[in-house]
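Below: the structure, in structure tokens.
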Amino acid sequence: MLIPFFYMLREGGMKTSITELLMLHDAMKSGLASQSVDDFYFLARSALVKDEAHLDRFDRIFGAYFKGVDDSLSDLLQEIPEEWLQLQAELQLSEEEKGLIESMGGFDELMKALQERLDEQDERHEGGSKWIGTAGMSPFGAYGYNPEGVRIGQQGSRNRSAAKVWEKREYRNLDDSVELGTRNIKVAMRRLRKFARGGAADQLDLSDTIDKTARNGGMLDIRMAPERHNAVKVLLCLDIGGSMDDHVRICEETFSAASSEFKHLEYFYFHNFVYESMWKDNRRRQSEKTSTLDITHKYTSDYKLIFVGDATMSPYEIAYPGGSVEHWNEEPGAVWIKRLLNTYPKAVWLNPEPKIRWDYTPSVKLVRDLMDDRMYPLTIAGLEEGIKALR
Amino acid sequence: MTESRFKGTNSYIATDDLSMAVNAAVTLERPILIKGEPGTGKTRLAIEVAESMGRPLFEWHIKSTTKAQQGLYEYDAVARLRDSQLGDDKVHDISNYIMRGKVWEAFDCIEQPVLLIDEIDKADIEFPNDLLQELDRMEFYVYETKKLVKARHRPIIIITSNNEKELPDAFLRRCFFHYIKFPDQETMAQIVNVHFPNLKKELLSEALNAFYKVRDVRGLKKKPSTSELLDWIKLLLAEDIPIEALQTENAQSAIPPLYGALLKNEQDVHLFEQLVFLDRRASPQ
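Here the protein sequences come in this chain order: A and B.
The opening position of the first sequence corresponds to residue 1 in my numbering, with each subsequent residue numbered one higher.
The opening position of the second sequence corresponds to residue 392 in my numbering, with each subsequent residue numbered one higher.
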């Protein structure tokens, strides 16, 4: 009986495997979930879902399947637009008003009516007493008051009256469809590893011990060597603000993956393009700047330089003195990036914009020329290529 | 006394879904992976499961340098070399130099034990993959002595993760999974009751209100969690804070006393104070 459900989960984009399905069958055979549907739901969830980001999707598919609405999967995957539900106003209801809307019929009828109304309604709605939205008296929506209402997309609980566990969809804000997990980024970055011995000698150096013992006429002479560590040094320069706001998430992920993979990681921020200074703390960007010259002097040329930025700006910002949008720069950005590239021969530029869009922006072409074409898209494949260029 | 079902204990409130996940893992003898916000009682769960079911507990705390092999056994070659120089008789038996790890100890236990693998995400990214076979078959091979170590009873394995690294799919497929979501007000009241049985009802509900208000502030870097709440209530009791200090007409504009126990990050404290300040200006009394 579970096989159609299993396929529905897979159609719905969950990576449920046969092992997990068998595990669930096993668990049911031992009578774990014989008591109620709720028990079965809990059991199925803990056997089939392995990522809290998928819990909400599981809830929706479970709800749909066990009500027999298995034909409307595509509709279910379409989100109710967030804007309908955003909390804009709060309705203050008096006791009498609450009494007026005390009864709306049974739960099944509510669900049927919800489906109908979802079909009818195609705009955001707020207040009022019929349409789905927020802060109204309709039985559907959130932040409103209706004792038998169905809660949709509400954060935190108000009147606490939605019915079934999976329909509460408590895991809603954990759902994300980010393709690029940090695990993949980390695995890609591992290729940059270069091991070297350093630090305290705490491991037995076997070949040296045998060698020295033999020379010692058989008396044991134990030799120790320090453990191997990743010796790659990385200098990361991140574009921040402006057009980069759309890419904050992927930049954060790259950054967090990088900071846990490399022991020597230095990072600096810039806005749109590199000039005579960069900064480490975005909130004190005006007061605590580091001169770019100081950076090139402090970090030796065996550092690998990685820029992350969309390189989308006016070409003047790169090519002319005073082109910066934020301040008056005495020398053009192109001069500064050349200085950096002279100091750090191993350098790449990672661009979060998709590659097909690069040709439409003149500044991207300029940056690519300056970087000798070492610009790669910020995807797993692009990252791998970039890492290859860095080695 | 040995209990075969887990239903929470006198000092630990387990929600229905959590006990179901634990029971499924116990029945099928499969590992269970627990995730959740820091401070929601992930590590505590293993201790309570062991206690309520009357089983011995083995704790393996993972650090960034932990290798999978260390959980099984370690071969102390240096000690053996040294002994051979001194002419010690021990040296002829290699098993004298095999140090057992936590997993071996758990495998060797006479009754079915509970094995906690705490914060598995702290270790190297390949760590879970190195343990697949051992957790699946509950056996491993000791190359030095050419012996196969098999678990007498498949231990109840509880693994916790803080989500610092993602775990490989092959590993996840073998586990049951539970995400401890942040408890709602009712569950939270039960939890506090278990820890402070003599707490006055009004104080509890006021404290909970204040607590959830702090949690609802948008943009906090680290939201206060259950363990912070328990610490805070302990402080409130120790300082003998009157209920009135928690009750204010305009709850929005009040800073709860001793809020340093709830917010652990100076940026959060700053943000919170600013919001309260703005609220006060917006609604003068």
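We put the beta carbon where it would ideally sit given N, CA and C, even for glycine.
This one's a predicted model, so the numbers in the text were calculated from it and none came from an experiment.
Could you check where the alpha helix (DSSP H) with residue i kicks off and where it finishes?
i: ALA347(A); result: Segment 347 to 351 is the beta strand (DSSP E) holding ALA347(A); no alpha helix (DSSP H) there.
i: PRO4(A); result: 3 to 11
i: LEU220(A); result: Per DSSP, LEU220(A) belongs to no alpha helix (DSSP H) and is neither H nor E.
i: GLY63(A); result: 55 to 65
i: VAL732(B); result: Chain B is shown from 392 up to 676; residue 732(B) falls before or after that span and cannot be answered.
i: HIS25(A); result: 18 to 29
i: ASP38(A); result: 37 to 48
i: ILE485(B); result: Per DSSP, ILE485(B) belongs to no alpha helix (DSSP H) and is neither H nor E.
i: PHE562(B); result: 560 to 564
i: TRP328(A); result: TRP328(A) -> no alpha helix (DSSP H), and no H or E assigned at all.
i: SER410(B); result: 407 to 419
If you measure between the beta carbons of residue i and residue j, is that distance less than 8 Å?
i: LEU273(A); j: MET313(A); result: According to the sequence displayed, residue 273(A) carries Phe and not Leu. Yes, the pair counts as a contact, with Cβ atoms nearer than the cut-off.
i: LEU637(B); j: PRO647(B); result: yes
i: LYS556(B); j: ILE516(B); result: yes
i: LEU563(B); j: LYS50(A); result: yes
i: TYR275(A); j: TRP336(A); result: yes
i: ASP310(A); j: MET244(A); result: yes
i: LEU666(B); j: VAL585(B); result: no
i: LEU2(A); j: LEU22(A); result: no
i: ALA412(B); j: ILE423(B); result: yes
i: ARG543(B); j: ASP499(B); result: yes
i: SER363(A); j: PRO332(A); result: no
i: THR551(B); j: GLU496(B); result: no
At a Cβ threshold of 8 Å, is residue i touching chain A?
i: VAL660(B); result: no
i: HIS452(B); result: no
i: HIS483(B); result: no
i: LYS513(B); result: no
i: ASP499(B); result: no
i: TYR570(B); result: yes
i: ALA441(B); result: no
i: MET529(B); result: no
i: LEU472(B); result: yes
i: PRO633(B); result: no
Do we get a CB-CB distance below 8 Å when we pair residue i with the residues of chain D?
i: TYR534(B); result: Structure shown: chain D not included; protein chains present are A and B.
So, for residue i: in the same chain, excluding its five sequence neighbours on each side, which residues have a beta-carbon less than 8 Å away from its beta-carbon?
i: ALA27(A); result: ALA33, LEU43 and ALA47
i: GLU465(B); result: ILE489, MET490 and GLY492
On the DSSP letters alone, give me the boundaries of the beta strand (DSSP E) that residue i sits inside.
i: CYS251(A); result: From DSSP, CYS251(A) is part of no beta strand (DSSP E) but of the alpha helix (DSSP H) over 248 to 261.
i: SER277(A); result: 277 to 279
i: ASP239(A); result: 233 to 239
i: ARG491(B); result: 489 to 491
i: VAL585(B); result: Careful: VAL585(B) lies outside any beta strand (DSSP E), inside the alpha helix (DSSP H) at 576 to 586.
i: MET375(A); result: 375 to 377
i: THR290(A); result: 289 to 291
i: ASP509(B); result: 505 to 509
With a threshold of 6 Å on Cβ separation, who are the neighbours of residue i within its own chain once the five nearest residues in sequence on each side are excluded?
i: GLU545(B); result: Per the sequence shown, residue 545(B) should be read as Arg rather than Glu. These residues qualify, in order along the chain: GLU420 and MET529.
i: LEU649(B); result: LEU626
i: GLY462(B); result: TRP451, GLY492, LYS493 and VAL494
Consider the Cβ of residue i: report whether some Cβ of chain B lies at a distance smaller than 8 Å.
i: MET23(A); result: yes
i: ALA225(A); result: no
i: VAL37(A); result: no
i: ASP26(A); result: yes
i: VAL234(A); result: no
i: ILE295(A); result: no
i: SER30(A); result: yes
i: LEU265(A); result: no
i: ALA200(A); result: no
i: LEU85(A); result: With a pLDDT of only 41 at LEU85(A), under 50, the local geometry of the prediction cannot be trusted, and the value read off the model is given with reservation. Not one chain B Cβ lies under 8 Å of LEU85(A).
i: LYS130(A); result: Unreliable positioning characterises LYS130(A) in this predicted model, as indicated by a pLDDT of 47, which lies under 50. A coordinate reading is not provided.
i: GLU52(A); result: yes
i: LEU370(A); result: no
Tell me which residues share the same chain as residue i and place their Cβ nearer than 7 Å to its Cβ, disregarding the 5 neighbours each side in the sequence.
i: TYR570(B); result: LYS426 and GLY427
i: LYS513(B); result: ILE453, LYS454, SER455 and GLU555
i: LYS625(B); result: none
i: ASP372(A); result: none
i: ALA437(B); result: LEU448, VAL505, LEU507 and ILE549
i: TRP279(A); result: PHE268, TYR269, ARG285, GLU288, LYS289 and THR290
i: TYR65(A); result: PHE5 and MET8
Quiz prompt | Near-chain B residues of the region 379 to 390 of chain A - C-beta to any C-beta below 9 Å | solution = Listed in sequence order: no entries.
Exercise. Return the residues of the region 55 to 70 of chain A that lie within a Cβ-Cβ distance of less than 7 Å from chain B, sorted by chain order.
Key: LEU55
Quiz item: Going along the chain, which residues of the region 3 to 21 of chain A sit with their C-beta nearer than 8 Å to a C-beta in chain B?
Solution: LYS15, SER17, THR19 and GLU20
Exercise. Scan the region 211 to 225 of chain A for residues whose Cβ lies nearer than 7 Å to a Cβ of chain B and list them as they occur along the chain.
Key: Within the region 211 to 225 of chain A, the residues whose Cβ lies closer than 7 Å to some Cβ of chain B are LEU220 and ILE222, listed in chain order.
Exercise. Output, in sequence order along the chain, the residues in the region 594 to 613 of chain B whose CB is closer than 7 Å to any CB in chain A.
Key: ASP607
Practice problem: For the region 334 to 356 of chain A, enumerate the residues whose C-beta is nearer than 9 Å to any C-beta of chain B, in chain order. | Solution: none
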